[in-house]
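Student:
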Amino acid sequence: MSYEHPLAYLIGIEGAALLRAFTGEHDREFVEARLTEIRALLADGELAEGVEVTQLAPRDGYARWAAAYDSGENAAFADEPHLTKILDTIPPGRALDAACGTGRLTRLLVERGHHVIAVDGSAEMLSHAKADSTLVADLHELPVADGSQDLVLCGLALSHVPDLVPVIAEFARVLAPGGHLVLSDVHPEQVQRGSIPSVRTIDGAPARVRTYHHRVGDYLRAFFAAGLAPVSCQEPKPAHTEPRQVPGGGPWDLWPWSLNGLVPEVLAAAAKDVPSMLIWHCRKTAA
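Heads up: the sequence shown begins at 8 in our numbering, then just goes up one per residue.
1) Does any heavy atom of the ligand COA sit closer than 7 Å to the C-beta of Thr-43?
2) Quick check on the DSSP output: the alpha helix (DSSP H) that includes Pro-195 runs from which residue to which?
3) For Ser-197 and Leu-165, what's the separation of their Cα atoms in angstroms?
4) Rounded to whole angstroms, how far is the Cβ of Gly-255 from the Cβ of Glu-53, which I believe are closer than 8 Å?
5) Taking Leu-227 as part of the beta strand (DSSP E), name the residues at either end of that continuous run.
6) Whole angstroms are fine: how far does the CA of Leu-171 sit from the CA of Asp-210?
7) Closer than 7 Å by C-beta to Asp-260: which residues in its own chain qualify, once you throw out the five before and the five after it? Chain order, please.
8) For the alpha helix (DSSP H) containing Leu-274, name the first residue and the last one.
9) Taking the Cβ atom as the reference point for each residue, do Leu-90 and Ser-191 lie within a distance shorter than 8 Å?
10) Spell out a yes or no on whether the region 40 to 60 and the region 12 to 19 are touching, meaning 3 or more CB-CB pairs, one atom from each, closer than 8 Å.
11) Out of Pro-271, Trp-72 and Cys-289, which has the shortest C-alpha to C-alpha gap to Ser-239?
12) Mind pulling the alpha helix (DSSP H) runs of 4 or more residues that sit fully within the region 73 to 158?
13) In its own chain, which residues sit with a C-beta less than 7 Å from the C-beta of Arg-180, not counting the 5 before and 5 after it?
14) Do you know whose CA, among Phe-84, Val-168 and Cys-161, lies nearest His-187's CA?
15) Please work out which residues of its chain come closer than 7 Å, Cβ to Cβ, to His-147, disregarding the five sequence neighbours upstream and downstream, and give them in chain order.
16) For my contact list, Pro-65 and Arg-217 are in at a C-beta cut-off of 8 Å; report their separation, rounded to the angstrom.
17) If we call anything under 8 Å between Cβ atoms a contact, is Ile-97 one with Leu-42?
18) Thinking Ala-130 and Asp-104 are a contact (beta carbons under 8 Å), I'd like their distance in whole angstroms, please.
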């Protein structure tokens, strides 16, 4: 169980902006405006109530989300143009879409002529995927033979595993020498700022899919340990959008995005040049 308080989030964003001011990015006027804004936030009675939030295992969280996963807007799907550019450089072959979800990336593989095995831990998510073969399985134990895949693709999943090392090692195990590993995920900077999937429990209580903060160095150490050589690392920034203006910060289901609209100036300062995604392309070194 975690505790999410709207005021705590807003003060955190204010603090991020003030730290950037402390290192020279903003002037005295900006700092004094932030301090005045913080005092006003502390006095705002509409921000006085926090919410107890259940932490769900990924399998349970995505089972709850499966029916609506492909509807509406999901900023994390902005990884697709970047993944497409990488996939266009890889010839068709045997491909594994690991943690495929509803198959949004499986489609990219099929369109490029790959023979695709789609794997996910949630049967509910997997029921929406279309591939040559679909299997319910955990990322720690992929149900394919050693060296049997030319490409492993994994999108928006590794922030849900507590330790990257065994999962990256499993990806390397199933790759043929010279095979490609292509990954995308929410950038760790965004995870720290609350970019974590929200769902509701069966009884309607607020819940988040359990998410971990993996730094760029954590990925690199896992790659090197598994015999994978990085080809490229991209950290694209989010497209500029005005934060949503919701009176009082809106209901919990819209947090933290709706809270951002209460402090648009400080959000712009705190979020300036912060990447939205982390995208990797690696190759397995020859045996």
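Backbone N, C-alpha and C fix where the C-beta goes; we use that ideal spot for every residue, glycine too.
Predicted model, so just to flag it, every value in this text is computed and none were measured.
Tutor: The answer reads as follows:
1) Because no ligand of any kind appears in the structure shown, any question about the ligand COA cannot be addressed here.
2) Segment 195 to 199, the alpha helix (DSSP H) holding Pro-195.
3) Reading off the sequence, residue 197 comes out as Gln, not Ser. Their Cα atoms are separated by approximately 14 Å.
4) Rounded, the Cβ-Cβ distance is 4 Å, consistent with contact.
5) No beta strand (DSSP E) holds Leu-227; the alpha helix (DSSP H) holding it covers 223 to 232.
6) So the two alpha carbons sit approximately 32 Å from each other.
7) Within the same chain, Cβ atoms closer than 7 Å to the Cβ of Asp-260 are found at Ser-205, the five residues on either side in sequence being excluded.
8) Boundaries of the alpha helix (DSSP H) around Leu-274: 271 to 278.
9) Going by C-beta atoms, Leu-90 is nearer than 8 Å to Ser-191.
10) Result yes; three or more Cβ-Cβ pairs closer than 8 Å.
11) Considering only alpha carbons, the answer is Cys-289.
12) Complete alpha helix (DSSP H) runs here, min 4: 87 to 94, 111 to 118 and 130 to 133.
13) Hits under 7 Å: Asp-153.
14) The alpha carbon of His-187 has as its nearest neighbour, out of Phe-84, Val-168 and Cys-161, the alpha carbon of Cys-161.
15) Counting only residues of its own chain and dropping the five nearest sequence neighbours on each side, His-147 has a CB closer than 7 Å to the CB of Pro-173, Val-174 and Glu-177.
16) Taking a contact as a CB-CB distance under 8 Å, the pair Pro-65 and Arg-217 counts as one, their CB atoms being some 6 Å apart.
17) Going by C-beta atoms, Ile-97 is not nearer than 8 Å to Leu-42.
18) Contact between Ala-130 and Asp-104 is ruled out by a C-beta separation of about 15 Å, above the 8 Å threshold.
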